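Written out below as structure tokens is the structure these notes cover.
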Amino acid sequence: MLGPSLVAAKQLIPQESTMCLHDHTSAPKPQGELPRRGILAGAAALAGISVAGIAAQLASAPAALADNTPSGPNYPGRPLTTQALIVEGGTVVDPKTGDAVADGVVVMDGGKVAAVGTRDETRKAVAAVANRARRLNAAGKWVLPGLVDAHVHANALADARALLQGGATSVRSGSSTFYQDIALAALPSWAPGLSPRMTPAGLFISPDQGDSLLADPDLAPLATLSGGVQEPQDLAYLTRINLKRGAEVIKTRANPRAGIPEQDPRELVYNVDQIGAIVKAAKGAGVLCHAYSAEGIDGAVRAGVRSIEHGVFMTEKTIQEMARRGTFFTPTMDAITSMARSSNPVLAARGTEYTPILQAAVRAAKDAGVTIVAGTDSFGTDVTPIGTEARLLAEAGLTPLEALQAATTNAARLLGRGENVGRLVRGSMADVVVVDSDPLTDGSALEKVSTVIAQGALVRTNL
């Protein structure tokens, strides 16, 4: 039996072994974090001193070190140190209903929306913060909740800043290489406006983990798998490690990547049973599945994934099954259509072929009642603004309001954010974008962002 410790794993698996983890009676369980007392005891034994001696030294250390709490102003339990903001004079749009309030007001304080509505409806809230608030005049513009990008790959602070500049104040990770997305998810509580609100996925559940195996010592046993992470037990093990490290969603694949000319995106990587093992191990965490082929998409849907990413070659039968199950669809329009402009002839041919097929899939999914969400598949600082994805969805057949909903309320629901994200209502998150044209009539309006407020912090403005 392969035990839970890496020491046991090394003892039981010879270096030349090509066995899978599933060849043992049970797969290893991810290591729990060492308790603080255990760490002190280990350090004491190595140093030849007593735990009491270490404890005494800690007791005399500054408080911020002794209780492992940094000295910054926004540690949990202390209100966010953001300036109160008032955005007034613009037309405030509710994506859920399509209603609009001309000459509206949004009042933000402490990272939340304190009031939204007409000047009369918000008069008391304005008065409460008037002497300490910054006022932004949005006359002639449209005021919206912060936008949601449901598929990004952000691995650095520069990536996060680039996403914010385009108006994406909340995002869902499509995986990261070394759990950077999980670290980014912690930033808004400490430094509002530095990163979008992140729903992290951790490592991509895919056969070849490469150097990502170095992201956590508990991943070391996976290095013994000659064929990569393929068996259900191994897939479940990697899924559990992601959850242990703080992933809130899980990303996997049914097919290879379309954006790599040497790969065939219609080949099958994981079948319904393999994806089903991931969904089961995820224990309620939504699974997003990269899928292109009809077989791959159908298997992922039947396995119970939360959303299909890309989804070019959908069949009518699978679309109906998605509608029945409530499976979301993230078409990543820009990631597909932009290949047609590639200098690589294989990618250019794919983009040209796939674009009309994907557009038809979007229309069919809409007609069947499948919920469509906006996701750019942006990677690093090569960021497609989420407004561009909304425009492409409108060009594929969504109305401007439906495209707006794909980047707000629909995406917020997919992320499990409820009405805290994607709408401007009292108590919702203080995430706001201001655009220069009417998003209810102009499918390209979300590309015309003039102001971004994230977590109550002003990120950019020309007001």
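Read in order, the letters of the sequence shown correspond to residues 3 to 465 in the working numbering.
Glycine is no exception: its CB is placed at the ideal position from the N, C-alpha and C atoms.
Because the structure is a prediction, the values reported are computed rather than measured.
Limits of the unbroken alpha helix (DSSP H) element including residue i
i: residue 346; result: Counting along the chain, residue 346 falls outside any alpha helix (DSSP H), and DSSP gives it neither H nor E.
i: residue 214; result: Taken as a continuous stretch (DSSP letters only), residue 214 belongs to no alpha helix (DSSP H), as it is neither H nor E.
i: residue 402; result: 402-408
i: residue 184; result: 182-192
i: residue 234; result: 234-246
i: residue 324; result: 318-327
i: residue 166; result: 159-167
i: residue 338; result: 335-339
i: residue 128; result: 125-131
i: residue 296; result: 296-305
Residue burial classification, residue i (beta-carbon count within 10 angstroms, cutoff 16)
i: residue 121; result: exposed
i: residue 136; result: exposed
i: residue 132; result: exposed
i: residue 126; result: exposed
i: residue 310; result: buried
i: residue 361; result: buried
i: residue 208; result: buried
i: residue 318; result: exposed
i: residue 104; result: exposed
i: residue 387; result: buried
i: residue 358; result: exposed
i: residue 262; result: exposed
i: residue 85; result: exposed
i: residue 244; result: buried
i: residue 41; result: Because the pLDDT at residue 41 is just 34, under 50, the model does not fix this residue reliably, and the value given afterwards should be weighed accordingly. By the neighbour-count rule (16 or more Cβ atoms within 10 Å), residue 41 is not buried but exposed.
i: residue 266; result: exposed
i: residue 369; result: exposed
Cα-Cα separation between residue i and residue j, rounded to whole angstroms
i: residue 159; j: residue 186; result: 8 angstroms
i: residue 300; j: residue 373; result: 17 angstroms
i: residue 212; j: residue 344; result: 27 angstroms
i: residue 225; j: residue 214; result: 10 angstroms
i: residue 146; j: residue 258; result: 37 angstroms
i: residue 284; j: residue 465; result: 44 angstroms
i: residue 222; j: residue 94; result: 52 angstroms
i: residue 463; j: residue 171; result: 14 angstroms
i: residue 541; j: residue 190; result: Residue coverage of the chain in this structure runs from 3 to 465, which leaves residue 541 outside it and unanswerable.
i: residue 297; j: residue 102; result: 43 angstroms
i: residue 371; j: residue 441; result: 22 angstroms
i: residue 426; j: residue 432; result: 8 angstroms
i: residue 327; j: residue 366; result: 16 angstroms
i: residue 234; j: residue 282; result: 10 angstroms
i: residue 383; j: residue 138; result: 29 angstroms
i: residue 303; j: residue 320; result: 8 angstroms
i: residue 434; j: residue 348; result: 40 angstroms
i: residue 206; j: residue 390; result: 26 angstroms
i: residue 450; j: residue 143; result: 10 angstroms
i: residue 346; j: residue 381; result: 19 angstroms
i: residue 238; j: residue 438; result: 47 angstroms
i: residue 117; j: residue 134; result: 16 angstroms
i: residue 109; j: residue 176; result: 33 angstroms
i: residue 312; j: residue 294; result: 6 angstroms
i: residue 107; j: residue 315; result: 45 angstroms
Close beta carbons around residue i, own chain, < 8 angstroms, minus the five adjacent residues each side
i: residue 308; result: 251, 288, 289, 290, 329, 330, 416
i: residue 364; result: 331, 333, 335, 374, 395, 398, 399, 400
i: residue 350; result: 341, 342, 343, 344
Same chain, Cβ closer than 6 angstroms to residue i, neighbours up to 5 away in sequence not counted
i: residue 445; result: 393, 396, 402, 405
i: residue 97; result: 406, 407, 410, 411
i: residue 174; result: 152, 201, 417
i: residue 255; result: 208, 271, 292
i: residue 461; result: 166, 195, 454
i: residue 123; result: none
Endpoints, the beta strand (DSSP E) within which residue i is located
i: residue 90; result: 86-95
i: residue 459; result: 459-463
i: residue 119; result: 114-119
i: residue 138; result: 135-139
i: residue 101; result: Neither: residue 101 is in no beta strand (DSSP E) and is coded neither H nor E.
i: residue 331; result: 330-332
i: residue 310; result: 309-312
Own chain residues within Cβ distance below 7 angstroms of residue i, not counting five before or after
i: residue 269; result: 257, 258
i: residue 198; result: 162, 165, 166, 170, 171, 172, 173, 456
i: residue 275; result: 234
i: residue 210; result: 230
i: residue 180; result: 214, 217
i: residue 91; result: 105, 139, 140, 141
i: residue 421; result: 427, 430
i: residue 305; result: 274, 277, 278, 281
i: residue 157; result: 178, 179, 182, 382
Minimum Cβ-Cβ distance from residue i to chain E less than 8 angstroms
i: residue 175; result: No chain E appears in this structure, which consists of one protein chain only.
Report task. Ignoring anything shorter than 4 residues or poking outside the stretch 251-284, list the alpha helix (DSSP H) runs there in chain order. Result -> 274-284
**Report entry** Start-end ranges of the beta strand (DSSP E) lying completely within the stretch 377-446, minimum 3 residues
**Finding:** 434-437
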